[in-house]
C-alpha cells in the first residue's frame, strides 16, 4: 500500500520513458504559453513607456521642466548677505536640496538640471551699434546659469569669468552670447554693451566668447529659449503690425551674479529640474502625478521653501501632460485587455484539455492503481511529480525566452504570469484524475452527450455566469470600456477587468447554452437518418451523440476563440475604417491637388494620365468669398454638378442629386441653387442672398440642400454651386480632386511641379498613429487575437486526438465488415461535423451578438486617431463580416481536413494493429 502511495523518482523516470512524445508535447505547450504570458506585460510596459516618453518629448521641455523660483533677497538683509545669496556656494547647496525634494517615482536628470539668477525685467541698452528694426533700442536679459562650460562649446573667444570679487558696485563684467544671438544683434568678441544701472553709471558688459550650445533642445537651453535664441518682440502683441525690437540674453558666469543687483532688473533666483524621461514609467503614472502635485502644492513645496526661500514657487505643466496621457491610456488599455482576456481564456482551456487528454488516455491505468489501494493523495502526488518534472523547466525556458525577446518592462509580472501558466499545467492532470477517480470503480458510467442530463450544480453555476455576464455587458454599455471609475475620478481595476471580460463571458454563456441545445438536433436527425439506405449517416450521428460530455471543453475553447476573434477583428477593422474616414475628411478624396491661384489649363489632362489616377474632378474654390450683408466669411466651391455628384457618391461625403445644383435655365436672373453647411444654412435660411466673390463680383444664391461635409472644402462653413453661374475668373480651376486606390505621390508631384501642393489620403492616414501607445496597442491586440486563434486550433486538434484511437479501432473493425475507404472518410467527416458546425455557427452568431451588445460602450477614437485629430462623431464598434465568416469557415475546413487525414493515415497503417489492441473504450 505504501509503495503505491509513495512518489519515487524511479517511477517518474519510467513514466517519462514510456511516453516521451507526450512529455515533449506538454513541454512545448507550456513553454510557448509561458513565453506568451510573460511577454505580454513586458510588451505592454514597453509601448506604454514609449508613449509616455513621446508625450513628454512632444510637450517640449519648457512645459515639462520643474522651475522653482524665488525673488532676490530683500532689502532687510545686509548688502553683503544679499550678494552671497547669489553666489554658487549658496545656490549650489540649495540646488542639491531641491533635487532631493523630488519624490519617487519622479526622477530628476542632474545633467540637464541647473540653477542660476536672471533679471525678471528686460533692460533696454542704448548702444547705437546694436540693430534697431523700427528705431527701438534692443533689450537684454542678464542670465547667470550654472554649467555653462559643460553645455556649450566656444566658437570664438573664451568663456567669461569673474575677475576678483564681484559686487553690486562692480563697473565691468564679462559675458558670453550664443552664435544666434551674436549673429542677430551684430555682437562680436570684444564688444561692450552698457546695461542701465540704478544710481550709478551703466554696467559695462564685455563679450569674451561666442558659444555654440550642446544639445540645444535639451532642458538646459530649451527651458529658457532666450538664452540660445534672440527674439523680435512686438511692442503690442495683439497688433500684427506693431513695431518690434530685439531681445537677447547675455550669459554671465555664476560668480558674477551679484553685479546684477546694481541694475533695475528685479532679479529672480531659479532652480530648474529636468525630469529624467528614461525613468518615467506608465505604470507609475499615478505616482508621477502625485510627485508633481507634492512639489507644486504639497510636502515637496515645503521642502523647497525650507531649502531656498519662504516665497519660492514651483511651476510646471508636467502634471497636465501626465493627465492628458492618462486619458489616452485609459481609452486604449481596456480594448487591449478585451483581446488578452479572450486569448488567456482559450489558452487556459487548452492547458486543461491537455491535462484531460492525458487523464483519459490513462484512465485504465489510474483505475487499476486505485483498485490496488492507491490513495487520492498518493495518486495526485505521482501525477503532479511527473507533470512538474516536464512543466517547470519548460515554464522557466518560456520565461527566459520572453525576457530575452522583450528586454524592457517589469520582470515581476512576467515571472508571475509564467508561474501561473506552469501551475495550471502542473495541476490540470492531477485535478482531473482526482475528480474522475474519487470513488474506486472498475467501469464508470456512460457519459453520452445525448443521454446525460445536466446536474443542479451545473445549472446553478451556469446561471451565476449568466448573471455576471449580463452585469458586465450592461456596465460596458453604460460606461464604456474604461468603466465607471474613470468618470468618478477613481481607479478601480476590478471593475475595469470585469468589463473587459464581457466578450469572454458572453462566449462562455453561449457555449453553455449551445451544449444544452446540442443533443436536440441529434435526436431529431436520428430517425430520418435511420431510414436512409446506407449505414454511414446513421452511424455518424450515433457516434456524435455518444461523444463524451467532456467535449464541452473544446466547444468552450472554440466558441471563446471565435467570439474573441470576431470581436478583435471588428476592432481592428474599425480602427482601419476610422483612419480611412479621418483621412478622407482631411483630404476630401483619395488625392488633392491645389494652388492659391488658377492651375494651368492642361494640368488636369496631365494628371489624369498619372499612374494610379482613376477619376478626376475639377473644382474652383474661393476661400475669400463673403456672404450676406454682414459679409460672413465662407468658402465657396464652384463645381460641375455631374462629376461632383459622382465624386460625392463614391466618397460618401455629402451625397446629393446632380439636378439639385444645376444652373437654372433662365440664366443670370435666377439665384444659383447651393449646397450649404449647417452653419451657413442656419444663418441664411432658404431665402436668396448675395455672395461677394474674391475677384470683386457677386452672385445670388439660394440654399436648396444641406450637408455636413463636402469633398471640395475641408471645413464646416461652405457653399457649393454650379460654376457655370460664376464669373470667368472665379470659375477657373484651382483644385483637382483625385480618386484611385494606388496614387503615385512622386509621379503626381513631378507632374504638377513644386509650386502646386499635393495632398494624398494615404500620406494623411500614415500620420494617424500618433503615439507608440496606439501602434503598440494595435500590435499587441493583433498578436493576442492571433494567439487566441492558434490556441483554438490546438484545442480542436486535442479534441480530435482524444478520440483518434477509438476512431482508428472503429474503422478497423468496420473494414472487416466491408466498409470502404471512401465510406470511412465520410464516417469520420460526418461524425466531426455536428460539433464543428455548432462551434462555427455558434461562434459567428455569438461574435455578431457580442459586437452588437457592446458597441454602444466602445469608442475606437483613442486607439485609431491622434488626440489632435477630429473625427465626424465617435468611431463606434461595428460588425466586420469577414471577421465573423473567416474563423468559422476555418473551423469547418480544419475539422474536415483532420478527419480526412486521419482516415487516410489509418488506411495506410492497416487494421491488424488496431484489432489486436482490443477495444479502446
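Numbering (the working numbering), first residue to last: 594 to 1514. Each residue gets a CB set at the ideal place from its N, CA and C atoms; glycine is no exception. Fair warning: this is a prediction, and the values are worked out from it, not measured in the lab.
| said: Would residue 1440 and residue 1095 qualify as a contact pair, given that the criterion is a beta-carbon distance under 9 Å? | reply: By 1-based counting over the chain shown, the position of residue 1440 is 847. By 1-based counting over the chain shown, the position of residue 1095 is 502. No, the pair does not count as a contact, with Cβ atoms beyond the cut-off.
| field | Paired residues, beta bridge with residue 838 - DSSP | value | Residue mapping note: residue 838 aligns to position 245 of the chain shown, counting from 1. Beta-bridge pairing links residue 838 to 826.
| Coarse secondary structure for residue 1339, derived from DSSP in three states | In the chain shown, the residue the question calls residue 1339 occupies position 746. Residue 1339 falls in the helix class under three-state DSSP.
| said: So the candidates are 1320, 1476, 990 and 851; which of them puts its Cα closest to the Cα of residue 709? | reply: Taking the chain shown and counting its residues from 1, one reaches residue 709 at position 116. That would be 851, whose Cα lies nearest to the Cα of residue 709.
| said: Restricting to Cα atoms, I'd like to know which of 740, 767, 957 and 758 is closest to residue 751. | reply: Here residue 751 refers to the residue found at position 158 of the chain shown. Nearest C-alpha to residue 751: 767.
| message | Excluding the 5 residues flanking residue 639 on each side, which residues of the same chain have their C-beta closer than 6 Å to its C-beta? | response | Taking the chain shown and counting its residues from 1, one reaches residue 639 at position 46. Taking C-beta separations shorter than 6 Å and ignoring five residues to either side along the sequence, the partners of residue 639 in its chain run 1001 and 1002, following chain order.
| query | Roughly how many angstroms lie between the CA atoms of residue 648 and residue 1364, to the nearest whole one? | reply | Here residue 648 corresponds to residue number 55 of the chain shown, with the count starting at 1. Here residue 1364 corresponds to residue number 771 of the chain shown, with the count starting at 1. Roughly 8 Å separates the two Cα atoms.
| Beta-carbon contacts of residue 1386 that lie in its chain and below 7 Å, excluding the five residues immediately before and after | The residue you call residue 1386 lines up with position 793 of the chain shown. For residue 1386, where only same-chain residues beyond five positions count, the Cβ hits under 7 Å are 1487.
| request: Taking residue 798 and residue 788 to be in contact with their CB atoms under 8 Å, please state how far apart those CB atoms are, rounded to whole angstroms. | output: Residue numbering aside, residue 798 sits at position 205 when the chain shown is read from its first letter. Residue numbering aside, residue 788 sits at position 195 when the chain shown is read from its first letter. Contact between residue 798 and residue 788 holds, with the beta-carbon distance rounding to 6 Å and staying under 8 Å.
| said: Can you find the residues in the same chain that come closer than 7 Å, C-beta to C-beta, to residue 780, ignoring five residues on each side of it along the sequence? | reply: Along the chain shown, one-based indexing puts residue 780 at 187. Answer for residue 780: 770, 774 and 800, listed in chain order.
| task | If I'm right that residue 1181 touches residue 1336 with Cβ under 8 Å, what's the distance once you round it to whole angstroms? | result | The residue given as residue 1181 occupies position 588 in the chain shown. The residue given as residue 1336 occupies position 743 in the chain shown. With 8 Å as the limit, residue 1181 and residue 1336 do not qualify as a contact, their Cβ atoms being about 14 Å apart.
| Three-state secondary structure (DSSP) at residue 920? | For this step, residue 920 is matched to residue 327 along the chain shown. Of the three classes helix, strand and coil, the one that applies to residue 920 here is helix, per DSSP.
| request: For residue 549, I'd like the list of residues in its chain whose CB is within less than 7 Å of its CB, leaving aside the five on either flank, ordered along the chain. | output: A question about residue 549 goes unanswered here, because the residues of the chain that appear run from 594 up to 1514.
| Simplified DSSP state of residue 1285, which is helix, strand or coil | Taking the chain shown and counting its residues from 1, one reaches residue 1285 at position 692. In the structure shown, residue 1285 sits in a strand (DSSP, three-state: E or B).
| message | Is the separation between the beta-carbon of residue 1329 and that of residue 1210 shorter than 9 Å? | response | The residue you call residue 1329 lines up with position 736 of the chain shown. The residue you call residue 1210 lines up with position 617 of the chain shown. Yes. Within cutoff.
| request: For my contact list, residue 1155 and residue 703 are in at a C-beta cut-off of 8 Å; report their separation, rounded to the angstrom. | output: Counting from one through the chain shown, the residue named residue 1155 turns up at place 562. Counting from one through the chain shown, the residue named residue 703 turns up at place 110. At roughly 55 Å, the Cβ-Cβ gap does not stay under 8 Å, so residue 1155 and residue 703 are not in contact.
| query | For residue 927, which of helix, strand or coil comes out of DSSP? | reply | Residue 927 sits at position 334 when you count from the first residue of the chain shown. Reduced to three states, the DSSP call for residue 927 is helix.
| query | Taking Cβ positions, are residue 999 and residue 636 nearer each other than 9 Å? | reply | In the chain shown, counting from the first residue as 1, residue 999 sits at position 406. In the chain shown, counting from the first residue as 1, residue 636 sits at position 43. Closer than 9 Å, so yes.
| If we ignore side chains and look at the alpha-carbon of each, how far apart do residue 1476 and residue 1152 end up? | In the chain shown, residue 1476 corresponds to position 883, counting from 1. In the chain shown, residue 1152 corresponds to position 559, counting from 1. C-alpha separation (whole angstroms): 14 Å.
| request: Under 6 Å Cβ to Cβ from residue 1248, same chain only, skipping five residues before and after it: list those, please. | output: As a working note, residue 1248 is residue 655 in the chain shown. Contacts found: 1241 and 1242.
| Chain-order list of residues whose beta-carbon lies under 7 Å from that of residue 745 (same chain, five-residue window excluded) | Taking the first residue of the chain shown as position 1, residue 745 is located at position 152. Within its own chain, the residues whose Cβ lies closer than 7 Å to the Cβ of residue 745, once the five positions on either side in sequence are excluded, are 804, 805, 806 and 807, listed in chain order.
| Taking C-alpha atoms, which residue in 875, 741 and 853 lies nearest to residue 554? | Outside the displayed range of the chain (594 to 1514) lies residue 554, so it cannot be described from this structure.
| task | Classify residue 1398 as helix, strand or coil using the three-state DSSP reduction. | result | The count along the chain shown starts at 1 and reaches residue 1398 at position 805. Three-state DSSP puts residue 1398 in a helix.
| query | Which one of 1416, 1405, 1391 and 1402 has the shortest CA to CA distance from residue 947? | reply | Residue mapping note: residue 947 aligns to position 354 of the chain shown, counting from 1. Of the candidates 1416, 1405, 1391 and 1402, the one whose C-alpha sits nearest the C-alpha of residue 947 is 1391.
| Spatially closest choice to residue 644 from 1421, 1163 and 1366, by CA coordinates | Counting from 1 along the chain shown, the entry for residue 644 is found at position 51. Taking the Cα of residue 644 as reference, the smallest distance to any Cα among 1421, 1163 and 1366 is reached at 1366.
| Got a sec, what are the start and stop residues for the alpha helix (DSSP H) residue 1015 sits in? | The residue labelled residue 1015 in the question sits at position 422 within the chain shown. That run of the alpha helix (DSSP H) goes 1004–1029.
| query | Is the number of C-beta pairs between the stretch 875–893 and the stretch 682–702 that are closer than 8 Å three or more? | reply | Yes: at least three Cβ pairs fall under 8 Å.
| said: Considering Cα atoms alone, identify which of 609, 817, 765 and 926 is closest to residue 641. | reply: Taking the chain shown and counting its residues from 1, the one referred to as residue 641 is at position 48. Selected option, being the one with the closest Cα: 926.
| said: Beta-carbon within less than 7 Å of residue 615's beta-carbon, same chain only, minus the 5 sequence neighbours each way: which residues are those? | reply: One-based indexing of the chain shown puts residue 615 at position 22. These residues qualify, in order along the chain: 951.
| query | Just the Cα atoms here: how many angstroms apart are residue 793 and residue 711? | reply | Position 200 of the chain shown, counted from the start, is the residue given in the question as residue 793. Position 118 of the chain shown, counted from the start, is the residue given in the question as residue 711. Cα to Cα, the separation comes out at about 20 Å.
| According to the neighbour-count rule (16 or more other Cβ atoms, all chains shown, within 10 Å of its Cβ), is residue 1270 buried or exposed? | Your numbering for residue 1270 matches position 677 in the chain shown. Answer is buried; the Cβ neighbour count reaches 16.
| With C-beta atoms as the reference, is residue 557 less than 9 Å away from residue 1232? | Any question about residue 557 goes unanswered here, given that the chain covers just 594 to 1514.
| request: Mind reading off the beta-carbon distance from residue 1283 to residue 1276? Whole number of angstroms is fine, and I expect it under 8 Å. | output: As a first step, residue 1283 is located in the chain shown; it is residue number 690 there, counting from the start. As a first step, residue 1276 is located in the chain shown; it is residue number 683 there, counting from the start. Not confirmed; about 13 Å, so no contact.
| said: By the three-class DSSP mapping on this structure, what secondary structure does residue 1257 have? | reply: Numbered from its first residue, the chain shown carries residue 1257 at position 664. Residue 1257: coil per DSSP, three-state reduction.
| Taking C-alpha atoms, which residue in 1251, 1291 and 1298 lies nearest to residue 1274? | By one-based count along the chain shown, residue 1274 stands at place 681. Residue 1298 is the option with its Cα nearest to residue 1274.
| field | Candidates 1054, 1101, 1106 and 1303, of which the one nearest residue 1177 by Cα | value | Counting from one through the chain shown, the residue named residue 1177 turns up at place 584. Comparing alpha-carbon positions, the option among 1054, 1101, 1106 and 1303 lying closest to residue 1177 turns out to be 1303.
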